[in-house]
Amino acid sequence: ITEGRFGEINEAGIKFYNNLIDGLLLKGIEPFITLTHIDFPQELEDRYGSWLSPESQEDFEYYADICFKSFGDRVKYWVTFNQPDSQVKFGYLTGIFPPSHCSKPFGNCTYGDSEKEPFIAAHNIILAHIAAVHVYRTKYQETQGGSIGIVLNGAWYEPISNSLVDKLAAERARSFTINWFLEPILHGRYPRQMQNILGSILPEFSTTEKQKLKQGLDFIGINHYTSYYVQDCMFSACEPGPGTSKMEGYCAQSSQKNGTPIGEPTELAGKNVYPEGIEKIVTYLKNRYHNIPMIITENGRQDRTMSFKRIHLRNMLM
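Read in order, the letters of the sequence shown are residues 355 to 672 in the numbering used here.
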């Protein structure tokens, strides 16, 4: 649906995905459908600025409705967004993902405001998620019998020391990543740490939106690849780097401590395998969000040999 709610439906696209879903089921594979992962129709980016405009919420709701209607009789698992936290960080803070918005010192882009746009985009994505969930629950869930959730980057953040400030920094790192989206969707508000640091930069939810937001998913999808050490930069001096800015919660992130890596290094720099991390993030979310169902949606490592991949999976499951 390249032109949103005012354009035509691509029937060839509907046919393609119908055939794909039927083919999966024929092979005994359960379809697990993601509605969007990073991309956005260029037509709507040009028309109103995609996720920077509230219009994006209406177009996403319309798109989701068509997908539920067309495929929901065979699809039992729906994901609204895959890693929207990465989408807004790299699309509107550093500018390395589309639509390539940023401002100095975060990047050198033609357009953008790294101090405001990530939070506007995230706000509209959260409300678009809720709009899709509302459509599914009110029109389709009872008859189709499926569930709907969101998939987020589930990196684990380990304090680099036992000091109170580093422990608080690790929690801030979670507040500015996974809880940035889960706290509003499940509790109707942004994390307290984000509110305290960002103040009026954070958009506000209306009373009606807050009511819709609470319990706005059936499951949490976790993409877990790695873990990081975190050092406080709010009360301590830090060299500029990942996580150290106000927009990221003043918490420096590193894959090593005193030259020793967290977990086992891989061929992808900074993406070390730390099996304890997946257990810690799942346990943390279980306790914080009162045992909401969780699904590990992505996990793995970059390696040329299958033997290391088998070892990786074994360690993650132990």
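We treat Cβ as the ideally placed atom computed from N, Cα and C, and that holds for glycine.
In this text the structure is predicted, and so the values were computed from the model without any measurement.
Q. What three-state label does DSSP hand Tyr582 in the structure shown?
A. Reduced to three states, the DSSP call for Tyr582 is strand.
(Q) Rounded to whole angstroms, what is the Cα-Cα separation between Lys625 and Glu362? (A) Roughly 42 Å between the two C-alpha positions.
Q | Cutoff 6 Å; reference Ile387; Cβ partners in own chain excluding five residues on either side | A | Closer than 6 Å at the Cβ level, and outside the excluded window around Ile387, lie Val429 and Trp432.
Q. So Ile504 and Tyr417 are in contact, right, with Cβ under 8 Å, and what is the actual spacing, rounded?
A. No, Ile504 and Tyr417 are not in contact; Cβ-Cβ is about 16 Å, not under 8 Å.
Q.
One question on the structure: do Ser538 and Leu567 come within less than 8 Å of each other, judged by their Cβ atoms?
A. The residue you asked about is not Ser; residue 538 is Pro in the sequence shown. In this structure, Leu567 lies closer than 8 Å to Pro538 by Cβ.
Q | Proximal residues to Asp572 (C-beta, below 6 Å), its chain only, five neighbours per side dropped | A | Ser501, Ile502 and Gly503, listed in sequence order.
Q.
For a quick check, are the C-beta atoms of Leu481 and Met601 less than 8 Å apart?
A. Not closer than 8 Å, so no.
Q: Rank Asp400, Gly358, Met648 and Ser457 by C-alpha distance to the C-alpha of Glu633 and give the top, closest one.
A: For the options Asp400, Gly358, Met648 and Ser457, the alpha carbon positioned closest to that of Glu633 is the one of Met648.
Q. What first and last residue would you give for the beta strand (DSSP E) that runs through Pro513?
A. Per DSSP, Pro513 belongs to the beta strand (DSSP E) from Trp510 to Pro513.
Q) What does a CB cutoff of less than 7 Å around Glu471 pick up in its chain, not counting 5 residues either side in sequence? A) Same-chain partners within the cutoff: Leu406, Tyr446 and His455.
Q) With contact counted as at least three CB pairs below 8 Å, one residue from each stretch, are the region 540-559 and the region 607-621 in contact? A) Look at the beta carbons and you see the region 540-559 not touching the region 607-621: under three pairs across the two are nearer than 8 Å.
Q.
Rounded to the nearest angstrom, what separates Leu552 and Gln437 at their Cα positions?
A. Note on geometry: alpha-carbon atoms of Leu552 and Gln437 lie some 22 Å from one another.
Q: Locate the beta strand (DSSP E) running through Val433, then write down its first and last residues.
A: Per DSSP, Val433 belongs to the beta strand (DSSP E) from Tyr431 to Asn436.
Q) Could you give the residue range of the alpha helix (DSSP H) that holds Gly377? A) Membership of Gly377 in the alpha helix (DSSP H) is indicated by the continuous run Glu365 to Leu380.
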